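Participant: In this note's numbering, the protein residues as written are 234 to 296. Ideal Cβ placement from N, Cα and C applies to all residues, glycine included. This one's a predicted model, so the numbers in the text were calculated from it and none came from an experiment.
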Amino acid sequence: MYRDGWASAMEPALVNAPSRVEHVSKAQKQREADALRSSVEAHIAAGGAYHRLPTTVRRAEAA
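1. What is the DSSP secondary structure of residue 271, counted as helix, strand or coil?
2. According to DSSP, is residue 256 helix, strand or coil?
3. How big is the Cα-Cα spacing for residue 280 and residue 272?
4. In three-state terms, what does DSSP make of residue 277?
5. Is residue 264 helix, strand or coil when you go by DSSP?
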């Protein structure tokens with residue numbers, strides 16, 4: 234502690250996580266989503282089991 238009784242003006246770190254959040258670009262997110270989609274489609278094509286989860290999000294209708 235410092236002489237005035239304050240240890241720090243910062244909030245305490247309650248988790249073991251990096252102090253800075255890394256920004257991920259939309260392009261990177263899209264690449265990762267495409268890779269995941271390809272992996273899932275390959276799994277299904279190879280006869281792998283899957284369960285479709287219900288969604289509450291409506292997809293925009295294709296124009």
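Facilitator: Inspection of the coordinates gives the following:
1. The answer is helix: DSSP assigns residue 271 an H, G or I state.
2. Residue 256 falls in the coil class under three-state DSSP.
3. 13 Å
4. Residue state, collapsed to three classes: helix.
5. For residue 264, the secondary structure class from DSSP, reduced to helix, strand or coil, is helix.
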